[in-house]
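Numbering (numbering that gives the first Met the number 0), first residue to last: 0 to 171.
Only one structure is covered here, and it is reproduced in the block below.
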Amino acid sequence: MILSHIVAAAKNGVIGKDNQLPWHIPEDLKFFREKTKGRALIMGRKTFESVGHPLPDRLNVVVTRNPDFKQRHESPDSKTPVHVVSSLKEAIDYCSEQVHRYGEEVFIIGGGEIFRESMNIVDLIYLTRIHRDYPGDITYPDVDPLKFEEIERRDRSEPTEFSFLTYSRKDL
Ligand SMILES: NC(=O)c1ccc[n+]([C@@H]2O[C@H](COP(=O)([O-])OP(=O)(O)OC[C@H]3O[C@@H](n4cnc5c(N)ncnc54)[C@H](OP(=O)(O)O)[C@@H]3O)[C@@H](O)[C@H]2O)c1
Numbered sequence: 000m001i002l003s004h005i006v007a008a009a010k011n012g013v014i015g016k017d018n019q020l021p022w023h024i025p026e027d028l029k030f031f032r033e034k035t036k037g038r039a040l041i042m043g044r045k046t047f048e049s050v051g052h053p054l055p056d057r058l059n060v061v062v063t064r065n066p067d068f069k070q071r072h073e074s075p076d077s078k079t080p081v082h083v084v085s086s087l088k089e090a091i092d093y094c095s096e097q098v099h100r101y102g103e104e105v106f107i108i109g110g111g112e113i114f115r116e117s118m119n120i121v122d123l124i125y126l127t128r129i130h131r132d133y134p135g136d137i138t139y140p141d142v143d144p145l146k147f148e149e150i151e152r153r154d155r156s157e158p159t160e161f162s163f164l165t166y167s168r169k170d171l
């Protein structure tokens, strides 16, 4: 199993404001859709609620400490399955049992709390870096150059300057 982050962050690290994305970059949304289609996704409860619905054609694994959340939101619906777990470890264990169905690469899609908790265990980071600061209340941690190397970069300019960056964990 390969564990990956997929995230868009401003120059100052901001990834969210008032439980929403602070920008609208259609090409990044397309990148996210294409990269994660058919895959298993792990997300924090706040990110799940901010998206507002399960992401279709993907396994949605939602992490929460609230036991009531499970009854209200868990769904085995085959097009938009939602599985609720009570820890990140449980999420990863569950996804590792589903690789035959959703593929070897499992995506952690946020938000800030879940990214921070998994920074030390991810193999790959797909980081869309927007080259300007945004105001916001949730940030993505700095990618440590001692632990990760940039293996791909594509610079874009519409509707604002940004880059699709891929980082791989260095073999220690
Ligand atoms: N730019 C991007 O790429 C991107 C991607 C995703 C999200 N975002 C933004 O990020 C923001 C949301 O991030 P956030 O940090 O506020 O919240 P989050 O990480 O999405 O969710 C946090 C919640 O997840 C649950 N949780 C976290 N760690 C847990 C653990 N170890 N065990 C059990 N449950 C755990 C808790 O849920 P309970 O409180 O229910 O227990 C916690 O309140 C939004 O603004 C969103 O728009 C941005």
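Cβ atoms here follow ideal geometry from the backbone N, Cα and C, with glycine treated the same way.
Given the structure is predicted, the values throughout are model-derived calculations rather than measurements.
How is the alpha helix (DSSP H) around residue i delimited, first residue to last?
i: Leu87; result: Leu87 to Ser95
i: Thr165; result: Counting along the chain, Thr165 falls outside any alpha helix (DSSP H), though it belongs to the beta strand (DSSP E) covering Phe161 to Arg168.
i: Leu28; result: Pro25 to Thr35
Could you pull the start and end residues of the beta strand (DSSP E) that residue i belongs to?
i: Asp154; result: Phe147 to Arg155
i: Arg128; result: Leu123 to Ile129
i: Leu2; result: Ile1 to Ala9
i: Ile14; result: Val13 to Gly15
Should residue i and residue j be called a contact, given that it needs their Cβ atoms to be closer than 8 Å?
i: Arg38; j: Glu89; result: no
i: Asp56; j: Lys29; result: no
i: Gly43; j: Asp136; result: no
i: Val84; j: His4; result: no
i: Tyr139; j: Gly102; result: no
i: Ile107; j: Leu2; result: yes
i: Glu148; j: Tyr133; result: no
i: His82; j: Glu73; result: yes
i: Ser162; j: Arg168; result: no
i: Leu87; j: Glu116; result: yes
i: Ile24; j: Ile113; result: no
i: Asp27; j: Ala7; result: yes
i: Asn11; j: Ser49; result: no
i: Pro80; j: Leu58; result: yes
i: Gly109; j: Thr159; result: no
Determine whether the Cβ of residue i lies closer than 8 Å to any Cβ atom of chain D.
i: Leu87; result: Going by chain labels, chain D is absent from the structure shown, which holds only one protein chain.
Closer than 7 Å to a non-hydrogen atom of ligand 3 - does that hold for the CB of residue i?
i: Ser162; result: As far as ligands go, the structure on display features ligand 1 and does not contain ligand 3.
key: Residue ranges of each beta strand (DSSP E) within the region 37 to 111, 3 or longer   = 39 to 43, 58 to 62, 81 to 84 and 104 to 107
key: Meets three-Cβ-pair contact criterion under 8 Å: the region 124 to 134 and the region 45 to 62   = no
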